[in-house]
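Engineer: Before I ask anything, let me first share the structure, which is written out below as structure tokens.
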Amino acid sequence: MQKKNFKELKINSLLVKKILKGFIKNETRKVGFKKVVVGLSGGVDSSVSTYLAAMAMGKENVTGIIMPYKTSSRESLEDAKKIVKKLGIRSLKIDITPMIDAYFSAFPEADNLRRGNKMARERMTILYDHSAKENALVLGTSNKTELLLGYGTLYGDMASAINPIGDLYKTQVRQLAKDLGVPKEIVEKKPSADLWLGQSDEEELGFSYEDVDRLLYYLVDKRYSDKELIKLGFDKDFIKKVIKKIQDSQFKRKLPIIAKISERTIDRDFRYARDWGR
Amino acid sequence: MVFRIGIAQIYPTLGNVERNFAHIKECIDRAKEKKADLLVFPELSLTGYFLKDMVPNSALRVDSPIIKDFLKKSLEISLILGLVEETKDHIFYNSAFFMEEGKIVHIHRKVYLPTYGMFDEQRYFSKGNKIRAFNTKFGRFAILICEDMWHPSAPYIAAQDGAEMIISPASSPTRGVRQKKKLEISNIWESMNLTYAKMLSQFICFVNRVGYEDGINFWGGSEIVNPSGEKIIKGKYFEQEMIIAEIDIEEIRRDRIPPMIQKDEDREMTIKELKRIQKKNAKKEF
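One line per chain: the protein sequences are C and V, in this order. For the record, in the first sequence the residue sitting at position 162 is 162 according to the numbering used here, with numbers rising by one throughout. Add 1000 to a position in the second sequence, counting from 1, and you land on the number used in the numbering used here.
Following this line, the structure appears as structure tokens:
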């Protein structure tokens, strides 16, 4: 499919860079930390988060952790290493194969979804362990597209302390990546969660990021009605499918719901910013 | 009348009055060193913006020791400060105080409390119900807090009440980052400030905060626009800064000769028409 450029999604990268660098720096400082730790997959999202962190905090305050599984592609590993080298950040490689295989030896029938989720959560526990070990905040790498579609593992890759790119659609992350100087081959490669061999985001989702980002922009940001979206040329079934994905994954974007008993329940009538007093 | 006005484009700490109090006092000292006659702070400068349930804990009564301390300082420099005001009967307002010569000269209670999208003010604050100009050592001023400025009737009333300068303390969040364009929200504010200054032929002093609260940024870019619609001073975007400008209130006179809008303004007609619209709307049946 030919890549289309939709001008409504184009961002002012310089401005975004300024806002996001400040975000990482300030939100890290407020909790008394000076460092961040990030899972490096070799993909464009974690690359952009890491670039921003290195610019905001200084390369010596960023640790990139590369966590391959035995089926992870060589290319992903090489790309992650490229980022480390280019930025001069600290990094380590932790193979998650022993942990994953030990667990699934008891459940050999487990399908790709279960295995993929387990890998994402294994990586999360490693990141949080290093967060405690190094007094470093876990930096998020989920973009707005996957957050809205629920295309991520709850408490896995969706877990982080601060997420600089969660309000940027995938195509916007790509534009920012390009403008930040992320190597071209990383920006342009086929997006993949790399949880199993040959996995492709767009094949799994059934549409391209360019198409869905443009739809999400009008649907979410601009609050267009179905009628207006159809008028813009979006297919009715495509709209329906995307809305269903957003609705079905709402739970992933919320804290667990709490049964209300008392006069003051957390997040209902006990409302404070996380930056409370900071 | 020529005077020196300072703008303290600060980064308040959310819900930490003590820390903000100390920081504001430092700013006042610095402004005095720079020979400012008047120093303006942003909206809720003493408390931070997204307070939610912290509103009652951050509130101050007019007779609180902190206010008394500022009143003492106001003997040397006039101050405009944003804070959560608690009345005797425990009503909370998003207010700005004008303090000078040891007295509170004016309190503006924010009238238009944004409660939509990311904003939630009316959940926590009560609405002010007055827009008044007031006399100061430097001329006749009015205060309109942030969202108040988005209702053209507010600066219009202030100007009709004789305001020579509208001070607008703000906590405006950053949003809108289109390619090849300036920050969208700053663009709108700057056009608004220019338009009001020129149309109403008075000064606009816009004082916006900076910093982050739970991932939301505030963009700064404070400015003073003169009655001809020219920026006389501009603060940096996103950075803490103190800027000082010299204001010559006589510029208003120069802008109003030849008379343009002021002389011909038909207040009677405006009131008559507004009353007619009010009556018509009251009659509407659903």
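No residue lacks a Cβ here, since even glycine has one placed at the ideal position from N, Cα and C. Only a predicted model underlies this, so the values are computations on that prediction, with no experimental measurement involved.
(1) One question on the structure: do L180 of chain C and V36 of chain C come within less than 8 Å of each other, judged by their Cβ atoms?
(2) May I ask which residues mark the beginning and end of the alpha helix (DSSP H) holding D45 of chain C?
(3) Give me the Cα-Cα distance between K1052 of chain V and T1115 of chain V, rounded to the nearest whole angstrom.
(4) For L148 of chain C versus I246 of chain C, is the C-beta distance shorter than 8 Å?
(5) Within the same chain, show all residues whose beta-carbon is closer than 7 Å to that of D1255 of chain V, passing over the 5 residues directly before and after it, in chain order.
(6) Unbroken alpha helix (DSSP H) runs of length 4 or more, entirely within the segment 159 to 188 of chain C: which are they?
(7) Excluding the 5 residues flanking P98 of chain C on each side, which residues of the same chain have their C-beta closer than 7 Å to its C-beta?
(8) Give the interface partners of Y272 of chain C over in chain V, defined as CB-CB distance under 7 Å, in chain order.
(9) Any residues in the segment 1211 to 1230 of chain V with a beta carbon nearer than 8 Å to a beta carbon of chain C? Which ones, in chain order?
(10) Would you be able to state if there are at least three C-beta pairs under 8 Å between the segment 156 to 172 of chain C and the segment 46 to 63 of chain C?
(11) Can you tell me which of the three DSSP states S1078 of chain V falls into?
(12) Kindly list the residues whose CB is nearer than 8 Å to the CB of I11 of chain C, restricted to its own chain and excluding five residues on each side of it in sequence; keep chain order.
(13) With a cut-off of 8 Å, does the C-beta of I258 of chain C fall near any C-beta of chain V?
(14) So if DSSP puts T141 of chain C in a beta bridge, which residue, or which two residues, is it bridged to?
(15) Look at the alpha carbon of Q2 of chain C and the alpha carbon of Q1179 of chain V, and state the distance between them as a whole number of angstroms.
(16) Put H1023 of chain V into one of helix, strand or coil per three-state DSSP.
(17) Nearest-angstrom Cα distance between W1189 of chain V and F1238 of chain V?
(18) Which residues in the same chain as I1066 of chain V place their Cβ atom closer than 8 Å to its Cβ, once the five residues preceding and following it in sequence are excluded?
(19) Assuming T357 of chain C and R90 of chain C make a contact with CB atoms under 8 Å, what is their CB distance in whole Å?
(20) Could you compute how far the alpha carbon of K1088 of chain V sits from the alpha carbon of R268 of chain C?
(21) For Q1160 of chain V and K7 of chain C, I'd like the C-alpha separation in whole angstroms.
(22) Across which residues does DSSP place W1219 of chain V in a beta bridge pair?
(23) Tell me, please, whether the CB atom of L180 of chain C is closer than 8 Å to any CB atom in chain V?
(24) In chain V, which residues lie with their C-beta within 7 Å of the C-beta of I65 of chain C?
(25) Would a check of beta-carbon distances place F279 of chain C closer than 8 Å to chain V?
(26) When you compare only the Cα positions, how much space is there between D248 of chain C and E146 of chain C?
(27) Among C:I100, C:K34, C:K231, which has the Cα closest to the Cα of A53 of chain C?
(28) Distance check for V16 of chain C and N1217 of chain V, CA to CA, integer angstroms please.
(29) How many Å lie between D157 of chain C and I1232 of chain V at the Cα?
(30) Measure from the alpha carbon of N1129 of chain V to the alpha carbon of each residue in V:P1056, V:V1002, V:I1145, V:L1194, then state which is nearest.
(31) Please list, in chain order, all residues of the same chain as N117 of chain C whose beta carbon is under 7 Å from its beta carbon, the five residues on each side excluded.
(32) With C-beta atoms as the reference, is V1002 of chain V less than 8 Å away from I1247 of chain V?
(33) Under the DSSP definition of a beta bridge, which residues are partnered with Y1196 of chain V?
(34) Tell me, please, whether the CB atom of R1178 of chain V is closer than 8 Å to any CB atom in chain C?
(35) So, is N143 of chain C buried or exposed, given that buried needs 16 or more other C-beta atoms within 10 angstroms?
Structural biologist: On the basis of the supplied data:
(1) Here residue 180 of chain C corresponds to residue number 180 of the first sequence, with the count starting at 1. Here residue 36 of chain C corresponds to residue number 36 of the first sequence, with the count starting at 1. With respect to V36 of chain C, L180 of chain C sits apart: the two C-beta atoms are not nearer than 8 Å.
(2) In the first sequence, residue 45 of chain C corresponds to position 45, counting from 1. Where D45 of chain C is concerned, the enclosing alpha helix (DSSP H) stretches over 44 to 57.
(3) Position 52 of the second sequence holds residue 1052 of chain V. Position 115 of the second sequence holds residue 1115 of chain V. Taking the CA atoms as reference points, K1052 of chain V sits about 12 Å from T1115 of chain V.
(4) For this step, residue 148 of chain C is matched to residue 148 along the first sequence. For this step, residue 246 of chain C is matched to residue 246 along the first sequence. A distance below 8 Å separates the beta carbons of L148 of chain C and I246 of chain C.
(5) Within the second sequence, numbered from 1, the residue matching residue 1255 of chain V stands at position 255. Excluding sequence neighbours, D1255 of chain V sits near S1201, P1227, S1228.
(6) Within the segment 159 to 188 of chain C, the complete alpha helix (DSSP H) runs of at least 4 residues are 170 to 180, 184 to 188.
(7) Here residue 98 of chain C refers to the residue found at position 98 of the first sequence. Same-chain partners within the cutoff: there are none.
(8) For the purposes of this step, residue 272 of chain C is taken as the residue at position 272 of the first sequence. Under the 7 Å cutoff, chain V gives K1052, D1053, M1054.
(9) Here the close residues are G1211, Y1212, E1213, D1214, G1215, N1217.
(10) Contact holds: three or more Cβ-Cβ distances are below 8 Å.
(11) Within the second sequence, numbered from 1, the residue matching residue 1078 of chain V stands at position 78. S1078 of chain V falls in the strand class under three-state DSSP.
(12) Within the first sequence, residue 11 of chain C is the residue found at index 11, counting from 1. The residues L168, Q172, Q175, L176, in chain order, have a CB closer than 8 Å to that of I11 of chain C in the same chain once the five nearest residues on each side in sequence are set aside.
(13) Sequence index remark: in the first sequence, residue 258 of chain C carries index 258 (1-based). Answer no: the Cβ-Cβ gap between I258 of chain C and chain V never drops below 8 Å.
(14) As a working mapping, residue 141 of chain C is identified with position 141 in the first sequence. For T141 of chain C, which the question treats as bridged, DSSP gives no partner whatsoever.
(15) Mapped onto the first sequence, residue 2 of chain C falls at position 2. Mapped onto the second sequence, residue 1179 of chain V falls at position 179. Note that Q2 of chain C scores a pLDDT of 40, beneath 50, so its modelled location is shaky; the value from the coordinates is reported in the next line. Rounded to whole angstroms, Q2 of chain C to Q1179 of chain V spans 22 Å at the Cα level.
(16) In the second sequence, the residue the question calls residue 1023 of chain V occupies position 23. Correct three-state label for H1023 of chain V: helix.
(17) If you number the second sequence from 1, residue 1189 of chain V lands on position 189. If you number the second sequence from 1, residue 1238 of chain V lands on position 238. When rounded, the separation of the alpha-carbon atoms in W1189 of chain V and F1238 of chain V is 15 Å.
(18) The residue you call residue 1066 of chain V lines up with position 66 of the second sequence. These residues qualify, in order along the chain: V1017, F1021, L1046, L1060.
(19) Given a span of 1 to 278 for chain C in the structure shown, any question on residue 357 of chain C remains unanswerable.
(20) As a working note, residue 1088 of chain V is residue 88 in the second sequence. As a working note, residue 268 of chain C is residue 268 in the first sequence. Within the model, the alpha-carbon separation for K1088 of chain V versus R268 of chain C is close to 28 Å.
(21) Locating residue 1160 of chain V in the second sequence gives position 160, counting from the first residue. Locating residue 7 of chain C in the first sequence gives position 7, counting from the first residue. When only Cα atoms are considered, Q1160 of chain V and K7 of chain C end up about 44 Å apart.
(22) By one-based count along the second sequence, residue 1219 of chain V stands at place 219. V:V1210.
(23) Translated into the one-based positions of the first sequence, residue 180 of chain C becomes position 180. Not closer than 8 Å to any Cβ of chain V, the Cβ of L180 of chain C fails to qualify, so no.
(24) Here residue 65 of chain C is taken as the residue at index 65 of the first sequence, counted from 1. When 7 Å is used as the limit between beta carbons, I65 of chain C is near no residue of chain V, the shortest such separation being about 23 Å.
(25) For chain C, the structure presents residues 1 to 278; residue 279 of chain C sits outside this window and is missing.
(26) Taking the first sequence and counting its residues from 1, the one referred to as residue 248 of chain C is at position 248. Taking the first sequence and counting its residues from 1, the one referred to as residue 146 of chain C is at position 146. Approximately 13 Å, taken between the alpha carbons.
(27) By one-based count along the first sequence, residue 53 of chain C stands at place 53. Taking A53 of chain C as reference, the option from C:I100, C:K34, C:K231 with the minimal CA-CA separation is C:K34.
(28) Reading the second sequence from its first residue, position 217 is the one you call residue 1217 of chain V. Reading the first sequence from its first residue, position 16 is the one you call residue 16 of chain C. Straight-line Cα distance between these residues: approximately 11 Å.
(29) One-based indexing of the first sequence puts residue 157 of chain C at position 157. One-based indexing of the second sequence puts residue 1232 of chain V at position 232. The straight-line gap from Cα to Cα measures roughly 49 Å.
(30) Counted from its first residue, the second sequence places residue 1129 of chain V at position 129. The candidate whose alpha carbon is nearest that of N1129 of chain V is V:I1145.
(31) Here residue 117 of chain C refers to the residue found at position 117 when the first sequence is read from its first residue. Excluding five sequence positions before and after N117 of chain C, the CB atoms of its chain that fall closer than 7 Å to its own CB belong to T153, G156, given in chain order.
(32) Stepping through the second sequence from its first residue, residue 1002 of chain V is reached at position 2. Stepping through the second sequence from its first residue, residue 1247 of chain V is reached at position 247. Yes; because the gap between Cβ atoms is below 8 Å, this pair is in contact.
(33) Translated into positions along the second sequence, residue 1196 of chain V becomes position 196. DSSP output for Y1196 of chain V lists no bridge partner at all.
(34) Residue 1178 of chain V sits at position 178 when you count from the first residue of the second sequence. With 8 Å as the cut-off, R1178 of chain V counts as an interface residue toward chain C.
(35) For this step, residue 143 of chain C is matched to residue 143 along the first sequence. Buried.
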